[in-house]
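Colleague: First, the structure itself, so that you have it in front of you.
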Amino acid sequence: MVVKIREIQPKELVGQKIVTSISKKETSKLWKPFREILKEKDLFPNLFYSIHRYGKAMQEGNFSSDTLFEKCAAIEVDSDRLDGLEKISLEGGKYAVFEHSGSVSKFQQTMQRFYQEWLPKSGYGLDNRAHFETFDEHYDPFSESSVELIWIPIKALE
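Be aware that the sequence shown starts at 1, since it is given in the UniProt record's numbering, and climbs by one per residue.
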C-alpha cells in the first residue's frame, strides 16, 4: 500500500448530506438525487467528493456498522446555480492519501489494510476531521476498473 502524506487548505464545496450508518446502505439515496440536480443545472464537474463525518466514535475506536454519521456528496463549483445544494466545508490539515482500485465490494479490504497495517506503524493517529474520497466523472462503484483516492485525517502521535 502506497500512502502519501498531504497537507490541504480548507475547501468550500456544495452538495447534499444525510445522516446514515454503514448498515443502512443508503449511498445511492444520497448520490442519485445529487447527480440529477447537477444534470438539471448543467453542472458537469470532473471531480466529486464523498465526505464522511464520523466524529469521535471513529477516533476512539467505538465505531460500528450501526454508528450514525454524516455523509455528503459534494463538488467544487463557482456558480450561482446552487438552489437545492448546501454549502459544505471541508477542513484543512494533514491527510494520509492512498488509492482504492476496484469495485466498492473490495473497499473494506483496502480500508482494513490501512487501519491494521499502515496506520499502527506510521507514527500518526486519526484526527477528528472529515474523511473523504475523491473520484472523477467516470467513476462507477461496481466496476473493477474504478479508481478513487481515499483521504484519512491524521495527526502526529505525541
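Cβ atoms here follow ideal geometry from the backbone N, Cα and C, with glycine treated the same way.
#1: In three-state DSSP terms, what is Q9?
#2: Please name the residue in Y95, F142 and H100 whose C-alpha comes closest to that of L149.
#3: Should E91 and V19 be called a contact, given that it needs their Cβ atoms to be closer than 8 Å?
#4: Check F63 in the structure and name its three-state DSSP category.
#5: Helix or strand or just coil, what does DSSP make of K4?
#6: Rounded to whole angstroms, what is the Cα-Cα separation between E12 and K106?
#7: Keeping to the same chain, check which residues put their C-beta closer than 6 Å to that of V77; ignore five residues upstream and five downstream.
#8: For R129, which option in M111, S103, H138 and K94 has the closest C-alpha, if you only look at C-alpha atoms?
#9: Do the CB positions of Q9 and L30 come within less than 8 Å of each other?
#10: Can you list, in chain order, the residues of its chain whose CB lies under 7 Å from that of D66, leaving out five sequence neighbours each side?
#11: In three-state DSSP terms, what is Y115?
#12: Please state whether the Cβ-Cβ distance between F48 and T134 is less than 8 Å.
#13: Starting from the C-beta of K155, find all residues in its chain whose C-beta is less than 7 Å away, skip the five residues before and the five after it, and write them out in chain order.
Modeller: Working from what's here:
#1: coil
#2: H100
#3: no
#4: It is coil, neither helix nor strand.
#5: Under the three-state reduction of DSSP output, K4 falls in the strand class.
#6: 30 Å
#7: Cβ within range, chain order: V14.
#8: K94
#9: no
#10: S21 and S23
#11: helix
#12: Between F48 and T134, the gap from beta carbon to beta carbon is short of 8 Å.
#13: K94, Y124, G125 and D127
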